[in-house]
Amino acid sequence: MDFEAPYEGKKSNGIYDYLSLASDTKHQGAEAVKDSKSDDAWYFFYQRQAAYAKYANSIFSMPTEKQALSLISSVNKSLGNVLRNEDKYRLAPRHIIYWYAWREVSRRANKSMKTSLNSYFNRCKFEGTQLANAQRLVTDESRGYPDFSRIQAVISGWS
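Position one of the sequence shown corresponds to residue 1 (this note's numbering), numbered consecutively onward.
Shown next as structure tokens:
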């Protein structure tokens, strides 16, 4: 696999169709997860995230900043799943909380997201932290612009 290859996918009016690239890399990442190829999955999911960012900056899209970041954050659920599959349970919640917080910001959160957060949190077996702290972190982050670094810093303090 050539990780440095430029995107040679579909074009429309001379501009790359980044949503097609995002869709392609989503499926390639899912296939890599299925085949237990975590490094490939990470690569494809980050390519998907980059495609969303390029789409948000393209002439085809005029999203608000929050809409663009919400779209880009949708990949974090997949990244959390890769970490879960690698038994890196304590690293996965930062991705799930970031994804969930952005879903709250965009008013697209649903009950299954809360269930996902609960499942990921319970796998971690944090001794000094309760599930309510993770739920509060989602609420706090969704009041403005969820910040992955800030979420990461808070979670790193949990034991």
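Ideal Cβ positions, reconstructed from N, Cα and C, are used throughout, including at glycine.
This one's a predicted model, so the numbers in the text were calculated from it and none came from an experiment.
- Per DSSP, the unbroken alpha helix (DSSP H) holding Phe44 starts and ends at Ser38 to Ala56.
- It is roughly 10 Å from the alpha-carbon of Ser78 to the alpha-carbon of Trp99.
- Rounded to the nearest angstrom, the gap between the Cα atoms of Asn57 and Gln67 is 12 Å.
- Check the Cα spacing between Ile155 and each of Arg143, Leu131, Val33 and Tyr145: the tightest is with Leu131.
- Within the same chain, and ignoring the five residues on either side of Tyr89 in sequence, the residues whose Cβ sits closer than 6 Å to its Cβ are Arg123 and Cys124.
- When the Cα atoms are used, Lys111 and Lys37 turn out to be separated by approximately 30 Å.
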